[in-house]
Amino acid sequence: MPESSPKRPGFATRAVHLASRMEGGLPGEPLNVPIVQTANFRFDRADVYAEVINERAEGWVYTRLGNPTVAAFESAIAELEGGERAVAFASGMAAISSAVIAHVQAGDHVVSSKAIYGGTHGLMSGYLPRWGVEVTYVDTNDLEAVRAAMRPGTKLLYTETIGNPTLRVPDIAALGDIAHAAGALMMIDNTFASPYLCRPLELGADVSIHSATKYISGHADTIAGVVIGSAEGMAPVTKTLHVIGGALAPLNAFLLLRGLKTLALRMERACATAQRIAEFLCEHPKIECVHYPGLSSHPDRDLVTRQLDGSGGMIAFEVAGGLEPAAKFQDSLKLIAIAASLGECHTLVSHPASTTHRQYSKADRKAAGITDGFVRLSVGLEDPEDLIADIAQAL
Ligand SMILES: Cc1ncc(COP(=O)(O)O)c(C=O)c1O
3 MPESSPKRPG FATRAVHLAS RMEGGLPGEP LNVPIVQTAN FRFDRADVYA
53 EVINERAEGW VYTRLGNPTV AAFESAIAEL EGGERAVAFA SGMAAISSAV
103 IAHVQAGDHV VSSKAIYGGT HGLMSGYLPR WGVEVTYVDT NDLEAVRAAM
153 RPGTKLLYTE TIGNPTLRVP DIAALGDIAH AAGALMMIDN TFASPYLCRP
203 LELGADVSIH SATKYISGHA DTIAGVVIGS AEGMAPVTKT LHVIGGALAP
253 LNAFLLLRGL KTLALRMERA CATAQRIAEF LCEHPKIECV HYPGLSSHPD
303 RDLVTRQLDG SGGMIAFEVA GGLEPAAKFQ DSLKLIAIAA SLGECHTLVS
353 HPASTTHRQY SKADRKAAGI TDGFVRLSVG LEDPEDLIAD IAQAL
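Using our numbering, the first residue of the sequence shown is number 3, and each one after it goes up by one.
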C-alpha cells in the first residue's frame, strides 16, 4: 500500500493487493523457472504499456501475447532443436493448425504425407479445402512422387519425422531440397522423435512441430504444442497465435520445462525397451509383421541411422487374423493400458484405424498403409521383462 494512504484500505482492497504481493530483495534466485500464473501484467505508466503492447519496447502485457514461464520453455526448446525461435501452444493441434494457417491463403497448394496423425489429416482434408487451399497427398518416402506433386503455388510440404502410425522415416534433407526448389517451406511434425532423437531444422526442414503433450512432457499430465523455426518463419506463427489464441498456460509451460530435464533419460530407456519388444514380436508366431525403425527389416533403416539418434519408443505390428484377434490382444493386456496418446511413463496400446486415425476415410487409410489389424504400442518406462511377459500372455 502507498505510505501516504490516509486510512487503512478496506478488506476487499487489501485482499486484492496483498494476494498479488511477492516478497523480494533477499539473496537467492529460484533454481526452477517460477510459474508466472497471471493473465495480465501491470504498468505504472500508461505510455509504457502502450509502447510494450505496440511492440516498440520489450515487456509483458497479457499471457495470450507472452508470459515469462512460457517464454522460458520456448527459448529452451528453440535451442534444443537448433532453431532461432519457438512459439508454444495449448496443444499439438493448435501448434499444427496455427503453423499451417500462418503460411497459406486461398489459392495456395499444400503437399502432405498421406500417412500422418489423424487430427492433422482432419485439418488437411476437412478445413484447408474450405478455405480454398488445395492439398495433394503423397507418400513422402517416394521422392519422385513428391517432386511430381509440387507446382507453382505450392507453399508447404508437410510430413512427420517418424510417421504416425506407420513409423516410416522420410529423407528430410531431400524433401527440404525439393520444397526449396519449388519455393515452398518444408514443415515436419517431430513428435515421435522428440528433439532428443532428431533436430529436423539441422537437416534441412524449415519448421519443426511437436505435440509437446507426448515425449517433451513425458508424464501425461499436460496438453501442449510448439512450433520451431527461423525468426522470420515464426513471425507469422506468432501473429496467428495472438489472433487464433491457442496460447500455452504458464503452469503447463512449467511442466514441460520439468519434462525436458529428463527427456534424454526417458528416450534412452524407451528406445532400449522398444528394441527388445520389437525383436520379441518378430519371433512370435501370432505376429504377422512388425514395424520398428530399429529392426534391420525396416524399409528406411539407412535414414534411421543417418537422421535419428535412436530408433524411438513407438512400435506398430499386425496380429495374425486382423481386426478381431487385434482387439482380443488389447483386451487381454493386464499391465499395458489401452489409451490415447504416447510418449509417457506408462506403456500404452491403441488401434489406429478405430481411434487416432478415425478421421481418415477407409480408402485413405488403406492408401496410407493402416490396416485393420494394425496395433500401435507406445513403450514406456516399466521394466522390459514385465512388458514382454504381459504381451506374451495376451498373445
Ligand atoms: C504425431 C502427432 N502430432 C500431433 C498430435 C496432436 O497433438 P495434441 O494431442 O497435443 O493436440 C498428435 C496426437 O496424438 C500426434 O500423435
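Ideal placement from N, C-alpha and C gives every residue a C-beta, glycine not left out.
Because the structure is a prediction, the values reported are computed rather than measured.
Quick one: grab the DSSP three-state call for residue i.
i: Y119; result: coil
i: V351; result: strand
i: M3; result: Below a pLDDT of 50, predicted positions are generally treated as unreliable, and M3, at 44, falls in that range; no measurement from the model is reported.
i: N254; result: helix
i: E31; result: coil
i: M316; result: strand
i: Y129; result: helix
i: Y198; result: helix
i: I218; result: coil
i: Y362; result: coil
i: M189; result: strand
i: H111; result: strand
i: K336; result: coil
i: S356; result: helix
i: G345; result: coil
i: P327; result: helix
i: A274; result: helix
i: T307; result: helix
i: K9; result: coil
i: A59; result: coil
i: L169; result: coil
i: I372; result: coil
i: R23; result: coil
i: A104; result: helix
Could you spell out where the beta strand (DSSP E) holding residue i opens and where it closes?
i: D388; result: No beta strand (DSSP E) contains D388, which is instead part of the alpha helix (DSSP H) from P386 to A396.
i: F13; result: Careful: F13 lies outside any beta strand (DSSP E), inside the alpha helix (DSSP H) at F13 to L20.
i: V137; result: E136 to V140
i: E162; result: T156 to E162
i: R378; result: F376 to S380
I'd like to know whether the C-beta atoms of residue i and residue j end up nearer to each other than 8 Å.
i: I118; j: M152; result: no
i: C200; j: T168; result: no
i: I279; j: I317; result: yes
i: S343; j: G248; result: no
i: M189; j: G178; result: no
i: D392; j: L337; result: yes
i: T275; j: L203; result: no
i: N56; j: P252; result: no
i: L67; j: H244; result: yes
i: S219; j: L258; result: yes
i: R87; j: A80; result: yes
i: K288; j: L130; result: no
i: I174; j: A147; result: no
i: T156; j: H111; result: yes
i: D46; j: T122; result: no
i: N34; j: V63; result: no
i: V381; j: G312; result: no
Could you please give me the residues that DSSP links to residue i through a beta bridge?
i: V321; result: I289
i: A90; result: V228
i: H212; result: V228
i: Y64; result: N42
Can you tell me where the alpha helix (DSSP H) with residue i in it begins and where it stops?
i: E81; result: P70 to E83
i: T40; result: Segment: none, T40 is in no alpha helix (DSSP H) and carries neither H nor E.
i: L243; result: A233 to I246
i: V148; result: L145 to A151
i: V54; result: A48 to I55
i: G178; result: I174 to A183
i: L297; result: Here L297 belongs to no alpha helix (DSSP H), and DSSP marks it neither H nor E.
Taking Cβ positions only, does residue i come closer than 8 Å to chain B?
i: P70; result: In the structure shown, chain B does not exist; there is a single protein chain.
TODO: Inspect the CB distances between the segment 360 to 380 and the segment 297 to 312 and report whether three or more fall short of 8 Å.
DONE: no
- [ ] Could you say if the segment 227 to 237 and the segment 66 to 82 meet the contact criterion of at least three C-beta pairs nearer than 8 Å?
- [x] yes
Task: Cβ contact check for the segment 11 to 20 and the segment 46 to 60: 3 or more pairs under 8 Å - done: no
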